[in-house]
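Chemist: In our numbering, the protein residues as written are 24 to 565. Note that the Cβ used here is the ideal one computed from N, Cα and C, for glycine as well. All figures in this text were calculated on a predicted structure; none of them were measured in a lab.
This is the structure in structure tokens:
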């Protein structure tokens, strides 16, 4: 059996990892030491065990300081995507009951204070402070949110250094909740996936053993966002391995290729579109030759085409599988397998104590190797549950402790293969999104009586499209719907096209009348394809 994972503070304090960011290098152990002052500052704000803080931050060393500080006092860090806008931030920060919100005000020229100004302070009445982080010596004024106290990160840390509040002991920390990731299912709002300190560190130790990362001193590249479980798991693996970490605030194909070539990077995880962008820059097919493993998640396009390109460039590509509930790097295909197998999602679980089975969703019977059904997983690296939603947690697990993943797949000789989501969740911008979340936003537009959102492929990328039933005598503007979505949601959630419809196709069921979303999806795809053939691009792609 694998040894149980330690607490996050002990895990980081013992690591030899050096983090390089904007030309400055700091040890993770040093950041863990600095986290003591941040932990005292949090305690002065009234943050204690089980309380939440929201990290609306891109990749930066301060993210690690705050995450370790939360763990030090048994608090929970809520990961907020930097692509989120006012409606999403208000929902996640408000519903989680976060007591402090940390943000980088001018990241990539985005006016985060203006986004914050669009949030009703009444929706965030749990907040005791808004703290503006200006990494690597940056300066600026703190972002304001109504009458909530606002300060810069330096002032926040000074308050901790001047505090004489004692820090609690480490008893029970490994079992304490430490990280919340947002995910989408069948509800109209993202669910909050809560992981313990032990599940985080246990998984990281499993990853470095499974990926062969323990006998190498070359750096690891961190361009995936720390706010997402994919990037988060990669950073924790770097810390577990004691490997240098090249931290980039956001992805750049140019800097990634230069880092891989110049620093002889051996291991990489990325999305398929990131890999395509890097391959485009590898004209002589030598820049990426140091890679011994490139794990990927397929969100866009044809994985087979990516495999062909990687083979030509000498990049050993392997398919991965993961989900927030059981960590992003849950399984990987074996490096020695032929390309047609390595391109598949999933493979062998990284944790040897994991069990995967497949169940027939109709009969409930367990299926054998090669038979497609619903994937179920039992692993020590599983979530504690859906924070604030005990009913969803109870529904997610069966009496044997297996997680009902909502994914379709089958068992094979190496482990298992993921095929697709079984529900209606959309994969947009690399994230799973509940269509109900977008529909709720559309329904706010004047003249809209009801809406439905479905997935389409537009311009070679997964997007969404919407159908709306107008109120009597009203006309709904496509531009108004798209603009309203963009104003409150991440851009990738905005519909590529919007059409009026007299009524939705429905079918009766034992539980009432249901909308036939598959028919709407087929209609939407035909219309998007027709628009492309006519040379008239959809509004949101212009």
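(1) My parser needs the alpha helix (DSSP H) runs of 4 or more residues fully inside the stretch 447 to 509; what are they?
(2) Helix, strand or coil for residue 381, going by three-state DSSP, please let me know.
(3) Please classify residue 218: does DSSP put it in a helix, a strand, or coil?
(4) Compare the Cα-Cα distances from residue 270 to each of 277, 289, 295, 242 and report the closest residue.
(5) Do residue 435 and residue 398 count as a contact pair if the criterion is CB distance below 8 Å?
(6) Do residue 410 and residue 215 have their C-beta atoms closer together than 8 Å?
(7) In terms of alpha-carbon separation, which member of 212, 146, 63, 68 lies closest to residue 188?
(8) In three-state terms, what does DSSP make of residue 327?
(9) Can you check DSSP and say which residues form a bridge with residue 155?
(10) Taking all protein chains shown into account, do 16 or more other C-beta atoms lie within 10 angstroms of the C-beta of residue 529, making it buried, or fewer, making it exposed?
(11) Going by DSSP, which residues form a beta bridge with residue 102?
(12) Between which residues of its own chain and residue 391 is the CB-CB distance below 6 Å, once the five residues before and five after are set aside?
(13) With contact counted as at least three CB pairs below 8 Å, one residue from each stretch, are the stretch 66 to 82 and the stretch 294 to 308 in contact?
(14) Using the C-alpha atoms, what's the distance from residue 68 back to residue 186?
(15) Report the three-state DSSP secondary structure of residue 372 (helix, strand or coil).
(16) Quick check: what's the CA-CA separation for residue 339 versus residue 360?
(17) By DSSP, does residue 295 sit in helix, in strand, or in coil?
(18) Taking buried to mean at least 16 other C-beta atoms within 10 Å of its own C-beta, is residue 537 buried or exposed?
(19) Determine the DSSP secondary structure at residue 401, reduced to helix, strand or coil.
(20) CB residue 149 to CB residue 121, shorter than 8 Å?
(21) Is it right to say residue 466 is buried, meaning 16 or more other beta carbons lie within 10 angstroms of its own, or is it exposed?
(22) Alpha carbon to alpha carbon, how far is residue 206 from residue 228?
(23) For residue 199, count neighbouring Cβ atoms within 10 angstroms of its own Cβ and tell me buried if that reaches 16, exposed if not.
(24) Taking Cβ positions, are residue 487 and residue 471 nearer each other than 8 Å?
(25) Thinking C-beta only, is residue 489 closer than 8 Å to residue 23?
(26) Under a Cβ-count criterion, where at least 16 other Cβ atoms within 10 Å of its own Cβ denotes burial, should residue 363 be classed as buried or exposed?
(27) Per DSSP, residue 203 forms a beta bridge with which residues?
(28) Report the three-state DSSP secondary structure of residue 246 (helix, strand or coil).
(29) On the premise that residue 30 lies in contact with residue 204, defined as a C-beta separation below 8 Å, what is that separation, rounded to the nearest angstrom?
(30) Rounded to whole angstroms, what's the CA-CA distance from residue 146 to residue 111? Just pull it up for me.
(31) For residue 451 and residue 307, I'd like the C-alpha separation in whole angstroms.
(32) Put residue 212 into one of helix, strand or coil per three-state DSSP.
(33) Judging by CA-CA distance, which residue of 485, 468, 516 is the nearest neighbour of residue 497?
(34) Whose C-alpha, out of 332, 141, 126, is nearest the C-alpha of residue 152?
(35) Short of 6 Å in beta carbon distance, which residues of its chain neighbour residue 163, apart from the five on each side in sequence? Order them along the chain.
Modeler: The structure says:
(1) Given a length threshold of 4 residues, each whole run of the alpha helix (DSSP H) inside the stretch 447 to 509 is given here in chain order: 458 to 465.
(2) strand
(3) If DSSP states are grouped into helix, strand and coil, residue 218 belongs with the strands.
(4) 242
(5) No, the pair does not count as a contact, with Cβ atoms beyond the cut-off.
(6) Contact: yes.
(7) 63
(8) Assignment of residue 327 by DSSP, reduced to helix, strand and coil, places it in the helix class.
(9) Paired residues: 126, 175.
(10) exposed
(11) 78
(12) Closer than 6 Å at Cβ, skipping near neighbours: no residue.
(13) no
(14) Going by the C-alpha atoms only, they are around 11 Å apart.
(15) strand
(16) A straight-line Cα-Cα distance of about 10 Å links residue 339 and residue 360.
(17) helix
(18) Flag for residue 537 reads exposed.
(19) strand
(20) yes
(21) exposed
(22) 24 Å
(23) buried
(24) no
(25) For the chain, the structure presents residues 24 to 565; residue 23 sits outside this window and is missing.
(26) exposed
(27) 101, 217
(28) Here DSSP, grouped into helix, strand and coil, assigns residue 246 to coil.
(29) Between residue 30 and residue 204 the Cβ distance is about 19 Å, and since that is not below 8 Å, they are no contact.
(30) 11 Å
(31) 33 Å
(32) DSSP places residue 212 in coil when its eight states are reduced to three.
(33) 468
(34) 126
(35) 128, 157
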